[in-house]
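All the letters of the sequence shown, read from the start, carry residue numbers 1 to 146 under this note's numbering.
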Amino acid sequence: MSQAITRTVLVPYSAQEMYDLVCDVARYREFLPGCISSEVVASGETELIGRMTITRMGVTQHMVSRNRMQAPSRIDIEYVEGPFEHLVAHWLFEPLQEKACKVTFSMEFSVQQRFLQFAVNAAVQQGANETVDAFHKRAGQIYGKR
């Protein structure tokens, strides 16, 4: 059974600025909670393959994703390899003003072991909140507090 999570935040940064932060997979390890390594495996003009190693609740997992990018409004993430049976995610960046936008992160996922679904769902929800917060905080570090 698939689970879905959506998080939205209004930020005082442009859609392009937030899009650029999310596209910078190689720097995730510098600021994303639990991310101990991140790298771009392959990239093109509108697509990249990224690999991350994440430690959560004492468990280390490796994940590979294919990210399809539509600058500066959208990033679609397709799960390629890792602990989930199925995972797709989307980042949407909706301009509100010149230096403000609405950021929406949504994810749909399922795990192979159904008995773990409840525990994994709680951990993923917390992780989604932390991820959105981390990108907002990172924007302040890179672009300055606004």
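We treat Cβ as the ideally placed atom computed from N, Cα and C, and that holds for glycine.
In this text the structure is predicted, and so the values were computed from the model without any measurement.
Just grab the DSSP bridge partners of residue i for me.
i, result
"C35", "I54"
"L48", "S43, N67"
"A147", "In the structure as shown, the chain starts at 1 and stops at 146, and residue 147 therefore has no counterpart that could be examined."
"R59", "Before going on, a small fix: residue 59 reads as Val here, not Arg. V59 is bridged to R56."
Quick one, are the C-beta atoms of residue i and residue j less than 8 Å apart?
i, j, result
"L10", "L92", "no"
"L21", "R146", "no"
"E85", "V111", "yes"
"V64", "E78", "no"
"A123", "R29", "no"
"I170", "G34", "Since the first residue shown for the chain is 1 and the last is 146, residue 170 is missing from the structure and cannot be characterised."
"C101", "M18", "yes"
"R7", "A128", "yes"
"M52", "C23", "no"
"T131", "F105", "yes"
"V25", "S37", "no"
"G82", "Q113", "no"
How far does the beta strand (DSSP E) with residue i in it reach, from first residue to last?
i, result
"M107", "100 to 110"
"L4", "Residue 4 is actually Ala in this sequence, not Leu. 3 to 11 is the span of the beta strand (DSSP E), which, as asked, contains A4."
What is the DSSP secondary structure of residue i, counted as helix, strand or coil?
i, result
"R138", "helix"
"Q113", "coil"
"R146", "coil"
"E94", "strand"
"G127", "helix"
At what residues does the alpha helix (DSSP H) containing residue i begin and finish?
i, result
"D20", "15 to 23"
Between residue i and chain C, is the shortest Cβ-Cβ distance under 8 Å, so that the two count as touching?
i, result
"W91", "Among the chains in the structure shown there is no chain C, since it carries only a single protein chain."
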